[in-house]
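For the sequence shown, the working numbering assigns the number 3 to the initial residue and increments by one for each residue that follows.
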Amino acid sequence: MSGLSFEPLTPTSFLERSATVFAQRLAVVDGELTLTYARLWERVRLLAGGLAGAGVRTGDRVGLLAANGHMMLEATFGVPAAGAIMVPLNIRLSPGELAYILDHAEVSVLLHDGEHAALARAASEASLSRPRLVGSGEGSEYEALLAGAEPLLVRVADELSPLSINYTSGTTGRPKGVVYHHRGAYLQALAMALHTRLDAASSYLWTLPMFHCHGWCFPWAVTLAGGRHVCLRKVDPEEAWRLIREHRVTHLCGAPTVLTSLLTHHDAPAAALDPRLLACVGGAPPSPVLLGRALRAGIDVIHLYGLTETYGPAVICQPQPEWSTLDVGELATLTARQGVGNVIAQRIRVVDEHGADVPADATTIGEIAVRGNDVMVGYHRDPAATDKAAPDGWFRTGDLGVLHPDGYVRLVDRAKDVIISGGENIASVEVENALVSHPAVQEAAVVARPDPHWGEVPVAYVSLAAGASVTGGELIEHVRSRLAHFKAPKAVFFGDLPKTSTGKIQKTVLRERAAG
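Okay, structure coming up:
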């Protein structure tokens with residue numbers, strides 16, 4: 003039967019379009035290297051052809067081990083253009099951890115940048131799969147691969163076929179491989195572009211690692227809008243503010259700690275920049291104090307919430323026009339909530355242990371459950387874990403929250419971060435918010451410490467603002483003045499807080515310290 007045909011959805015098509023519509027617009031700034039959209043599309047197709055020439059076939063896995071830069075961006079389009087499946091790798095993992103992922107995903111080729119060449123070699127040597135290494139840089143094998151290739155674009159036959167395998171942090175055991183499909187990434191990119199108001203005049207600073215959930219799908223979102231990718235290989239506040247001003251940056255993403263490092267730097271603006279900057283914050287609940295600080299500095303903040311399993315942000319704190327009349331304190335409290343489902347997600351639920359919805363009373367705690375176009379296909383080679391994560395078709399996030407009457411979800415805590423002291427539940431986030439409301443505190447993390455009488459008690463790890471001074475006793479009293487006394491930390495430790503590559507505070511490390 004003849005009729006109209008429909009093209010399967012794939013995020014690679016965004017670059018194909020932008021290479022025509024925005025051919026001579028600046029697409030990528032990576033140090034001294036710049037690429038127009040036409041040139042980026044050319045290099046992507048050459049990479050696809052080079053991978054095919056190296057023996058990569060449809061469905062093969064190609065690993066990506068690189069900081070934010072042109073190679074990582076090219077590979078995000080070029081690997082699927084070759085018909086292969088991407089496996090982004092965390093550059094902060096050890097060779098042994100990387101080797102496990104290489105073997106579990108059955109990676110045949112590992113693309114890496116020059117600064118991670120030694121790590122790539124060590125991971126390959128520790129693996130059983132021993133993937134072929136292709137390094138980038140001037141005069142590198144990567145450039146030779148492109149130079150000797152014919153342009154290639156393998157069309158996607160099935161939009162639900164795997165696009166990539168993104169591995170979780172593995173904090174509770176071996177990391178799990180989260181499978182994304184083309185349709186989900188395409189729609190998630192559209193959602194991010196819509197919610198963050200990206201357009202051709204946008205300039206996006208890469209403060210979020212591209213290897214983390216594909217940078218929340220912003221490589222595709224910025225590209226579909228025809229915006230500019232400004233690469234930053236690591237979060238350096240001085241360099242970030244230089245790039246923000248030089249390239250008139252309009253957007254950036256990151257964990258609350260990233261925003262904190264920018265706002266507390268001496269180059270931070272005292273008033274709104276032109277153009278105005280939008281910071282998309284996720285990865286951990288930002289405190290109302292941090293949000294208030296950003297608003298006073300003239301930086302708009304959108305709070306996002308999601309997981310590796312949801313292509314990044316599945317929930318967005320959708321701003322309401324009526325909020326514009328509120329004072330900074332009231333606005334910060336509202337925008338600290340996680341929010342509502344993005345435009346491609348189904349409504350967000352908060353459920354009890356039986357899977358029933360809890361009342362939308364802003365008080366009753368349950369587990370946040372999600373479903374929609376931006377939820378993973380499943381865990382690679384682990385059907386049992388997939389079934390356990392979504393027992394009734396709704397993915398259980400492992401995060402505890404409450405549902406407000408207006409439909410906005412507020413995260414209370416990770417299930418594993420709730421402290422049970424003498425039979426009372428203590429939400430670590432609540433105590434952390436109380437701590438950072440003290441003017442001397444820059445960041446705080448609260449974890450459980452084993453206790454022979456209470457079972458466990460809260461203890462706090464705190465980093466102070468530059469030049470500030472406060473004692474542990476003063477901070478404990480500060481918390482007691484705001485919360486029930488049993489919620490106050492029993493001890494306070496000062497110093498830098500351990501963080502992941504995406505800026506999240508590593509509570510697993512702090513729990514080990516507390517237990518020791």
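Even glycine gets a Cβ: it sits at the ideal position worked out from N, Cα and C. If you're wondering where the values come from, they're calculated on a predicted model, not measured in any experiment.
Top-ranked residue by Cα proximity to residue i, from the options
{"i": "Tyr188", "options": "Leu162, Leu275 and Arg230", "result": "Leu162"}
{"i": "Gly285", "options": "Asp401, His253, Val180 and Ala159", "result": "Asp401"}
{"i": "Ala122", "options": "Glu145, Gly380, Val379 and Leu95", "result": "Leu95"}
{"i": "Asp376", "options": "Thr36, Arg19, Val180 and Glu458", "result": "Val180"}
{"i": "Val156", "options": "Leu112, Leu113 and Ala50", "result": "Ala50"}
{"i": "Val46", "options": "Gly65, His72 and Ala468", "result": "His72"}
{"i": "Ser15", "options": "Leu135, Ala191, Leu499 and Ala107", "result": "Ala191"}
{"i": "Pro82", "options": "Gly497, Leu292 and Ser166", "result": "Ser166"}
{"i": "Thr36", "options": "Leu130, Val232 and Val109", "result": "Val232"}
{"i": "Gly341", "options": "Leu75, Leu91, Tyr307 and Thr366", "result": "Tyr307"}
{"i": "Ile246", "options": "Ala274, Thr225, Gly505 and Val438", "result": "Ala274"}
{"i": "Ala490", "options": "Gln508, Ile507, Ala450 and Ser465", "result": "Ala450"}
{"i": "Pro271", "options": "Pro500, Ser289, Val260 and Arg295", "result": "Arg295"}
{"i": "Ala1", "options": "Leu42, Pro10, Glu9 and Glu34", "result": "The first residue shown for the chain is 3 and the last is 518, placing residue 1 beyond what the model contains."}
{"i": "Glu152", "options": "Gly186, Gly80 and Ser129", "result": "Gly80"}
{"i": "Pro454", "options": "Ala517, Gly57 and Thr388", "result": "Ala517"}
{"i": "Ser465", "options": "Trp396, Ser171, His440 and Trp325", "result": "His440"}
{"i": "Val224", "options": "Phe488, Ala242, Ala202 and Leu234", "result": "Ala202"}
{"i": "Lys492", "options": "Gly116, Ser503 and Ile478", "result": "Ile478"}
{"i": "Val494", "options": "Arg515, Thr502 and Lys501", "result": "Arg515"}
{"i": "Ile93", "options": "Val511, Cys219 and Ser503", "result": "Ser503"}
{"i": "Glu397", "options": "Gly374, Leu293, Arg134 and Arg416", "result": "The sequence shown places Phe at residue 397, not Glu. Ranking Gly374, Leu293, Arg134 and Arg416 by Cα distance to Phe397 puts Gly374 first."}
{"i": "Gly300", "options": "Ser7, Thr38, Arg134 and Leu265", "result": "Leu265"}
{"i": "His268", "options": "Asn435, Trp243, Gly424 and Lys501", "result": "Trp243"}
Contact check, residue i vs residue j, beta carbons under 9 Å
{"i": "Tyr182", "j": "Tyr313", "result": "yes"}
{"i": "Val404", "j": "Val352", "result": "yes"}
{"i": "Pro13", "j": "His184", "result": "yes"}
{"i": "His31", "j": "His249", "result": "What sits at residue 31 in the sequence shown is Val, not His. In this structure, His249 lies closer than 9 Å to Val31 by Cβ."}
{"i": "Glu332", "j": "Asp354", "result": "no"}
{"i": "Gly357", "j": "Ala347", "result": "no"}
{"i": "Val64", "j": "Ala86", "result": "yes"}
{"i": "Ala467", "j": "Val443", "result": "yes"}
{"i": "Val438", "j": "Ala446", "result": "yes"}
{"i": "Gly505", "j": "Pro258", "result": "yes"}
{"i": "Ser126", "j": "Leu113", "result": "no"}
{"i": "Val345", "j": "Leu297", "result": "no"}
{"i": "Ser138", "j": "Asp105", "result": "no"}
{"i": "Ala524", "j": "Pro164", "result": "Because the chain spans 3 through 518 in this model, residue 524 falls outside it and cannot be assessed."}
{"i": "Val89", "j": "Tyr144", "result": "no"}
{"i": "Arg349", "j": "Gly409", "result": "yes"}
{"i": "Ala56", "j": "His382", "result": "no"}
{"i": "Leu100", "j": "Ala128", "result": "yes"}
{"i": "Asp62", "j": "Ser110", "result": "yes"}
Residue span of the alpha helix (DSSP H) that contains residue i, given as start and end
{"i": "Tyr102", "result": "Pro97 to Ala107"}
{"i": "Pro77", "result": "A quick correction: the sequence has Ala, not Pro, at residue 77. Start and end: His72 to Ala83."}
{"i": "Thr510", "result": "Lys509 to Ala517"}
{"i": "Leu293", "result": "Pro290 to Arg298"}
{"i": "Ser20", "result": "Thr14 to Val23"}
{"i": "Leu265", "result": "Pro258 to Leu265"}
{"i": "Leu49", "result": "Tyr39 to Gly55"}
{"i": "Arg123", "result": "Ala119 to Ala128"}
{"i": "Glu143", "result": "Glu143 to Ala149"}
Beta strand (DSSP E) segment containing residue i, residue limits
{"i": "Glu432", "result": "Glu432 -> not in any beta strand (DSSP E); alpha helix (DSSP H) instead, spanning Ser430 to Val438."}
{"i": "Pro385", "result": "Note, Pro385: premise wrong, no beta strand (DSSP E); alpha helix (DSSP H) at Pro385 to Ala391."}
{"i": "Gln444", "result": "Val443 to Asp453"}
{"i": "Asn92", "result": "Where Asn92 is concerned, there is no enclosing beta strand (DSSP E), given that its DSSP letter is neither H nor E."}
{"i": "Asp32", "result": "Leu28 to Asp32"}
{"i": "Ala274", "result": "Where Ala274 is concerned, there is no enclosing beta strand (DSSP E), given that its DSSP letter is neither H nor E."}
{"i": "Tyr313", "result": "It is not in any beta strand (DSSP E) - Tyr313 carries neither H nor E in the DSSP assignment."}
{"i": "Arg416", "result": "Val411 to Arg416"}
{"i": "Asp401", "result": "Phe397 to Leu405"}
Integer-rounded CB distance, given that residue j should sit under 8 Å from residue i
{"i": "Val251", "j": "Leu279", "result": "7 Å"}
{"i": "Leu147", "j": "Gly52", "result": "4 Å"}
{"i": "Met212", "j": "Asn70", "result": "5 Å"}
{"i": "Leu11", "j": "Pro221", "result": "With 8 Å as the limit, Leu11 and Pro221 do not qualify as a contact, their Cβ atoms being about 16 Å apart."}
{"i": "Val303", "j": "Ala281", "result": "5 Å"}
{"i": "Ile422", "j": "Gly457", "result": "6 Å"}
{"i": "Ala546", "j": "Ala149", "result": "No statement about residue 546 is possible, as the shown extent of the chain runs from 3 to 518 and does not include it."}
{"i": "Ser263", "j": "Pro239", "result": "5 Å"}
{"i": "Ala40", "j": "His118", "result": "Incorrect: roughly 29 Å between the Cβ atoms, too far for contact."}
Worksheet item: Hey, which unbroken runs of the beta strand (DSSP E) at 3 residues or more fall wholly within the stretch 191-247?
Response: As far as the stretch 191-247 is concerned, its whole beta strand (DSSP E) runs of at least 3 residues are 205-208 and 230-233.
Practice prompt. Just list the beta strand (DSSP E) runs in the stretch 316-381, keeping only unbroken ones of 3 residues or longer that don't cross its boundaries, in chain order.
Written response: Here the runs fully enclosed are 351-353 and 368-372.
Worksheet item: Which full runs of the alpha helix (DSSP H) of 4+ residues lie inside the stretch 455-487, going along the chain?
Response: Here the runs fully enclosed are 474-482.
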